[in-house]
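Following: one structure in structure tokens, then a few remarks.
Below, the structure is given as structure tokens:
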């Protein structure tokens, strides 16, 4: 393996580790802070981090004699930031709300459903769906059944929230895929976190009653989720995708759900049943299968 590819793979695995363990931080935060307040706090940290990163990148481009930004239209940047921020804020709220009652491991695997859903939603954008994706859908549905549906054929509210989160994440990813063609990716992320902060803060002030004591107790979890998961994690993802095979990187990033389960068990003592572990295995198989190269494109 070339040194550049090895470095990219290492970045991808580190990103998956950060994102996976962030589910534990979110679960800890959910014990002390309402979901909208938690998301507002973590998002403002991510926004400030990415704002500094944008300034550093602009300075670097100027020194190289390049254009300071690839963004051609501020209107597109604001429009993209608004819609991406709206969907990301809603998805983050649903995920955080779900973590009130579900384990980090289950949340990680259920959230990973978006990887299967993205190509399915692509049908509405007139994109062809490979046959392997349909097989992955069957595996994912079976896995979700094992993970979420009880013997009495009911679903826990937390699991339902995280499942809805996966659908909203799918919309957010498709929106990013659209806007990133006309604006700088890091600037778009910075802008979307600004709107996530605004939406979450307004919602928290209207509907929640967070306390300083709760925010103080959750400070470590908020800092981890905001700085590492949202800020550093996003930056590492960009570095991982530079000059590397996107299929390999996406497969490595999907380890996020595995790390969520491992960290939940190691740090919080969470334990899943045999049926739930089987559901996790099916979900992981579905995620991997959905990202394999399409032979017709090869």
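In the numbering used here, the protein residues as written are 1069 to 1366.
For glycine and all other residues, C-beta sits at the position ideal for the given N, C-alpha and C.
* Asked: Taking all protein chains shown into account, do 16 or more other C-beta atoms lie within 10 angstroms of the C-beta of residue 1243, making it buried, or fewer, making it exposed?
  -> To locate residue 1243, count along the chain shown from 1; it is residue 175. It counts as buried.
* Should the region 1324-1341 be called in touch with the region 1171-1178, which here means at least 3 C-beta pairs below 8 Å? -> Yes, the region 1324-1341 touches the region 1171-1178.
* **Proximal residues to residue 1238 (C-beta, below 6 Å), its chain only, five neighbours per side dropped** => Sequence index remark: in the chain shown, residue 1238 carries index 170 (1-based). Sequence-distant Cβ neighbours of residue 1238 in its own chain, meaning closer than 6 Å and more than five residues away, are 1182, 1185, 1186 and 1189.
* Asked: If residue 1097 and residue 1308 are in contact, beta carbons under 8 Å, what's the gap, nearest whole angstrom?
  -> For the purposes of this step, residue 1097 is identified with residue 29 of the chain shown, where counting begins at 1. For the purposes of this step, residue 1308 is identified with residue 240 of the chain shown, where counting begins at 1. Taking the Cβ atoms as the reference, residue 1097 lies roughly 26 Å from residue 1308, outside the contact range of under 8 Å.
* Out of 1088, 1101 and 1079, point me to the one whose CA is closest to residue 1165's CA. => The count along the chain shown starts at 1 and reaches residue 1165 at position 97. Residue 1165 has its Cα closest to that of 1101, out of 1088, 1101 and 1079.
* Asked: residue 1174 lies in the alpha helix (DSSP H); which residues open and close that run?
  -> Translated into positions along the chain shown, residue 1174 becomes position 106. Taken as a continuous stretch (DSSP letters only), the alpha helix (DSSP H) holding residue 1174 covers 1172-1179.
* Skipping 5 residues on each side, what residues in its chain have a beta carbon closer than 8 Å to that of residue 1200? -> Taking the chain shown and counting its residues from 1, one reaches residue 1200 at position 132. Within the same chain, residue 1200 has close Cβ partners 1357, 1358, 1360 and 1362.
* Asked: With which residues is residue 1290 paired in a DSSP beta bridge?
  -> Your numbering for residue 1290 matches position 222 in the chain shown. Partner residues in a beta bridge of residue 1290, as assigned by DSSP, do not exist.
* Report the rounded CA-to-CA distance for residue 1215 versus residue 1234, giving the unit in angstroms. => In the chain shown, residue 1215 corresponds to position 147, counting from 1. In the chain shown, residue 1234 corresponds to position 166, counting from 1. Per the coordinates, the alpha-carbon of residue 1215 lies some 15 Å from the alpha-carbon of residue 1234.
* To do: Excluding the 5 residues preceding and the 5 following residue 1250 in the sequence, name in chain order all residues of the same chain whose CB lies nearer than 6 Å to its CB.
  => Counted from its first residue, the chain shown places residue 1250 at position 182. Setting aside the 5 residues that flank it on each side, residue 1250 is surrounded in the same chain by 1144, each with a C-beta closer than 6 Å to its C-beta; the list follows chain order.
* Asked: Of all the options 1103, 1167, 1202 and 1122, which has the alpha carbon lying nearest to the alpha carbon of residue 1354?
  -> Locating residue 1354 in the chain shown gives position 286, where the first residue counts as 1. Answer by Cα proximity: 1202.
* Rounded to whole angstroms, how far is the Cβ of residue 1088 from the Cβ of residue 1176, which I believe are closer than 8 Å? -> In the chain shown, counting from the first residue as 1, residue 1088 sits at position 20. In the chain shown, counting from the first residue as 1, residue 1176 sits at position 108. About 6 Å; that satisfies the 8 Å criterion.
* Asked: Considering residue 1324, what are the terminal residues of the alpha helix (DSSP H) in which it resides?
  -> Here residue 1324 refers to the residue found at position 256 of the chain shown. Unbroken alpha helix (DSSP H) run through residue 1324: 1324-1336.
* Report the partner residues of residue 1223 according to the DSSP bridge assignment. => Against the chain shown, residue 1223 aligns to sequence position 155. Under DSSP, residue 1223 shares a beta bridge with 1217.
* Asked: Going by the CB atoms, is the gap between residue 1236 and residue 1180 shorter than 8 Å?
  -> Taking the first residue of the chain shown as position 1, residue 1180 is located at position 112. Taking the first residue of the chain shown as position 1, residue 1236 is located at position 168. No.
* **Coarse secondary structure for residue 1195, derived from DSSP in three states** => On the chain shown, residue 1195 is found 127 positions in, with the first residue counted as 1. Coil at residue 1195, not helix or strand.
* Asked: Mapping DSSP to helix, strand and coil, what is residue 1368?
  -> With the chain covering 1069 to 1366 only, the question about residue 1368 has no answer from this structure.
* Asked: residue 1133 and residue 1247 look like a contact to me (Cβ under 8 Å); what is the Cβ gap, rounded to whole Å?
  -> Locating residue 1133 in the chain shown gives position 65, where the first residue counts as 1. Locating residue 1247 in the chain shown gives position 179, where the first residue counts as 1. That belief does not hold up - the Cβ atoms of residue 1133 and residue 1247 are roughly 27 Å apart, past 8 Å.
* What are the start and end residues of the alpha helix (DSSP H) that includes residue 1265? -> If you number the chain shown from 1, residue 1265 lands on position 197. Note, residue 1265: alpha helix (DSSP H), 1253-1275.
* Asked: Taking C-alpha atoms, which residue in 1347, 1191 and 1277 lies nearest to residue 1217?
  -> In the chain shown, the residue the question calls residue 1217 occupies position 149. When the alpha-carbon of residue 1217 is set against those of 1347, 1191 and 1277, the nearest one is in 1347.
* CB of residue 1153 within 8 Å of CB of residue 1264, strictly -> As a working mapping, residue 1153 is identified with position 85 in the chain shown. As a working mapping, residue 1264 is identified with position 196 in the chain shown. Yes, these two residues count as a Cβ contact at 8 Å.
* Taking just the CA atoms, how far does residue 1198 sit from residue 1048? -> The structure shown has nothing for residue 1048, since the chain only spans 1069 to 1366.
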